[in-house]
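Residue numbers (full-length UniProt numbering): 1 to 492.
Structure, rendered in C-alpha cells:
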C-alpha cells in the first residue's frame, strides 16, 4: 500500500513520515524532514498548517528491527510557542544600562548626522574621560565649543574694525556701486565692484571673516540646545539625580528665575562693552539702546521656562561672551593678539578738514545748545507751563520718541547701505545738498528733454528746407545747362 502508485499511495507515504523518528530504526522511505522544502506545511491535499501533519486515520505502522514500544504521536507533537506580537518594554530598566560612549543613543537620543550628533559625541567623551557629572560635562562642552571658535571671533573683530576705521573710504565706493546696480548700469557696477575689491585688498579686509563665526556658532548652539533639552526631557537618570546649589532638579526650570536673570545680565553687560566682537556701532544710539535693553529682555522671556540644565549652559556661554567682550574692548589685549585697534572718528566740516579744534568747537556748541534748552525747560517748569503728566504717560511718550528715532536711524542705515543716503565727499564729509529736490529735478529734466526734441525738430525742418532749396537750385542749373547745350549760339 505504501509503495503503491496513485494518490492513495502518496497520501499513505506522507502520513507515514509524520510519525516520530524513534518509531522506526531503519527505513527505505524519505526522512521526517524532506529534502525538498514544503512551505508552511503544505501537503498534497492542499491544506496548510503551522504544526507537523498527523495521521487522521489509524494505519498499521511498519516496524523494522525495533523492540521499543510505539510512542503516541499526539504526545510527541510539539506545542506551538506563543510569540509576542509587540515589544513589551514595561519591565525594561534604563538605569541598568551602563554609561559608555554611545550611552545617550542607547537611551533614544539619536540625532543622526549633524551638529547635534557632534555635540552629543563630545559631551559623552567629556563625561567618560573626565569623570565629571552630566551638568559639569554640559558646561565643559559649551566652554570647549566657544574656545574652538574664539580665533574666528578674533578674525571677525579685526575685519569689522578695519571696515569701521576706513568707513569714509569704503562707503562712497559701495554707495556708487549700489546706485549703479539700481539704475541697471552693469558696466559701472562691475567697475565699482572691482574698485571695492581692490580697496579691500589694499586695506587687508576680508569680508567673509565677519560672518564665519555666526555661521558656526548658530548651528552648534542649536545642537547643544537639542541635546541638553532632550537629556532633560527624557530624563537621563544621572542628570535627574544631580543637584546644584538651590536647584534640586536639573530637569525642571529654575523656580526662582535666578539663572535666566543672570544670563540676561551678562548679555546686557556684554552689549554695553561693545558686544562679543568688541566694536558695536555707537553712532546709532537708538539701535544700540534697543539692543542693550531689548535683547536681554527677550532672552529672559525665552529662557525662563527651560530646564535648569539648559539654563546653566546658556549662563556659561553668556559669561564666556562677557569675558570675550571685555577682552576685545581692551586696546592692550588687541595689540597683544594682533587685532586692529578702533580709531576715534572725529567730526569733519563740509570742506573735509577735520581736527581737534573742529571737534572741540562742535562739542562746545552742542553743550551751549543743551544748556540753553535746559534753562528754557527750567523756566517753563517754574512758570507752571509744563503739563502735569503721569508716570505712564511719560513712559509712553519716551517709548514713542525712541521708536521714531529708531525708525529714522534704521532708515538712514538702510539708505547708506543701498546707496540712497546723503551724498558724501571722498573724505567722508557730507556734500553740499542739491539745489533742487528730486521732484523739481525730474520736472527740469523732462523740460530739457522736451526742449531738446523741439530744437531737433526745428533743426530738421531747417535742414529739410535748405536741402529742398539746394535741390531746386541744382535743377535750375541743370535745365540751364541743357538749354545752353541745345542752343550754343544763345547768349548766356
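Here a beta-carbon is modelled for each residue, glycine too, at the ideal position from N, C-alpha and C. These figures come from a predicted structure and were not determined experimentally.
Proximity to residue 535 [Cα-Cα], best of 267, 310, 300, 207: This structure gives no information on residue 535, because the portion of the chain shown stretches from 1 to 492.
Cα-Cα separation, residue 220 to residue 377: Here the question's residue 220 lines up with position 220 in the chain shown. Here the question's residue 377 lines up with position 377 in the chain shown. Rounded to whole angstroms, residue 220 to residue 377 spans 53 Å at the Cα level.
Any alpha helix (DSSP H) of 4 or more consecutive residues that is wholly inside the stretch 207-290: 208-233, 237-240, 258-272
CA nearest to the CA of residue 297, picked from 264, 458, 188, 169: Numbered from its first residue, the chain shown carries residue 297 at position 297. Ranking the options by Cα distance to residue 297, first place goes to 264.
Distance, residue 312 Cα to residue 256 Cα: Residue 256 sits at position 256 when you count from the first residue of the chain shown. Residue 312 sits at position 312 when you count from the first residue of the chain shown. Approximately 14 Å, taken between the alpha carbons.
Sufficient close CB pairs (3 or more, under 8 Å) joining the stretch 119-136 to the stretch 169-186: no
Pairwise C-alpha distance: residue 234 and residue 116: Working through the chain shown from its first residue, we reach residue 116 at position 116. Working through the chain shown from its first residue, we reach residue 234 at position 234. Approximately 16 Å between the Cα atoms of the pair.
Per-residue burial, residue 327 [other beta carbons within 10 Å of its own, 16 or more giving buried]: What you label residue 327 is simply residue 327 of the chain shown in a count that begins at 1. Label assigned to residue 327: buried.
CB-CB length for residue 245 against residue 239, believed under 8 Å: Position 245 of the chain shown, counted from the first residue, corresponds to residue 245. Position 239 of the chain shown, counted from the first residue, corresponds to residue 239. That belief does not hold up - the Cβ atoms of residue 245 and residue 239 are roughly 16 Å apart, past 8 Å.
Inter-residue Cα distance where the pair is residue 305 and residue 252: Along the chain shown, read from residue 1 onward, the residue named residue 305 stands at position 305. Along the chain shown, read from residue 1 onward, the residue named residue 252 stands at position 252. Rounded to whole angstroms, residue 305 to residue 252 spans 8 Å at the Cα level.
Cα-Cα separation between residue 104 and residue 200, rounded to whole angstroms: As a first step, residue 104 must be located in the chain shown, where it is residue number 104. As a first step, residue 200 must be located in the chain shown, where it is residue number 200. Taking the straight line from one Cα to the other gives about 48 Å.
beta-carbon residue 321 near the ligand ADP non-hydrogen atom, thresh 6 Å: For the ligand ADP, the structure offers nothing, since it holds no ligand at all.
Enclosing alpha helix (DSSP H) for residue 190 [first to last residue]: Within the chain shown, residue 190 is the residue found at index 190, counting from 1. Where residue 190 is concerned, the enclosing alpha helix (DSSP H) stretches over 186-203.
Whole-Å CB distance - residue 295 paired with residue 271, under 8 Å assumed: By one-based count along the chain shown, residue 295 stands at place 295. By one-based count along the chain shown, residue 271 stands at place 271. Indeed they touch by this definition, with Cβ atoms about 7 Å apart.
Where residue 99 sits in the DSSP three-state scheme: Walking along the chain shown from the start, residue 99 turns up at place 99. Three-state DSSP puts residue 99 in coil, outside helix and strand.
Residue 293 to residue 218 span [Cα, whole Å]: What you label residue 293 is simply residue 293 of the chain shown in a count that begins at 1. What you label residue 218 is simply residue 218 of the chain shown in a count that begins at 1. For residue 293 and residue 218, the distance between alpha carbons rounds to 22 Å.
Residue 266 versus residue 223: straight-line alpha-carbon distance, rounded: Position 266 of the chain shown, counted from the first residue, corresponds to residue 266. Position 223 of the chain shown, counted from the first residue, corresponds to residue 223. Approximately 22 Å between the Cα atoms of the pair.
CA nearest to the CA of residue 337, picked from 260, 485, 290, 153: Working through the chain shown from its first residue, we reach residue 337 at position 337. Nearest of 260, 485, 290, 153 to residue 337, Cα basis: 153.
Minimum C-alpha distance to residue 242 - residue among 137, 173, 343: The count along the chain shown starts at 1 and reaches residue 242 at position 242. Closest option to residue 242, Cα to Cα, is 137.
Residue 324: first and last residue of the uninterrupted alpha helix (DSSP H) it sits in: Your numbering for residue 324 matches position 324 in the chain shown. Run containing residue 324: 308-328, per the alpha helix (DSSP H) assignment.
CB of residue 261 within 7 Å of CB of residue 315, strictly: Position 261 of the chain shown holds residue 261. Position 315 of the chain shown holds residue 315. In this structure, residue 315 does not lie closer than 7 Å to residue 261 by Cβ.
Proximity winner among 259, 481, 333, relative to residue 299 (alpha-carbon distances): Sequence index remark: in the chain shown, residue 299 carries index 299 (1-based). Residue 259 is the option with its Cα nearest to residue 299.
Integer-rounded CB distance, given that residue 325 should sit under 8 Å from residue 273: By one-based count along the chain shown, residue 273 stands at place 273. By one-based count along the chain shown, residue 325 stands at place 325. At roughly 4 Å, the Cβ-Cβ gap stays under 8 Å, so residue 273 and residue 325 are in contact.
Per-residue burial, residue 275 [other beta carbons within 10 Å of its own, 16 or more giving buried]: Position 275 of the chain shown, counted from the start, is the residue given in the question as residue 275. With 16 or more Cβ atoms within 10 Å of its Cβ, residue 275 is classed as buried.
DSSP three-state assignment for residue 435, whether helix, strand or coil: Taking the chain shown and counting its residues from 1, the one referred to as residue 435 is at position 435. Of the three classes helix, strand and coil, the one that applies to residue 435 here is coil, per DSSP.
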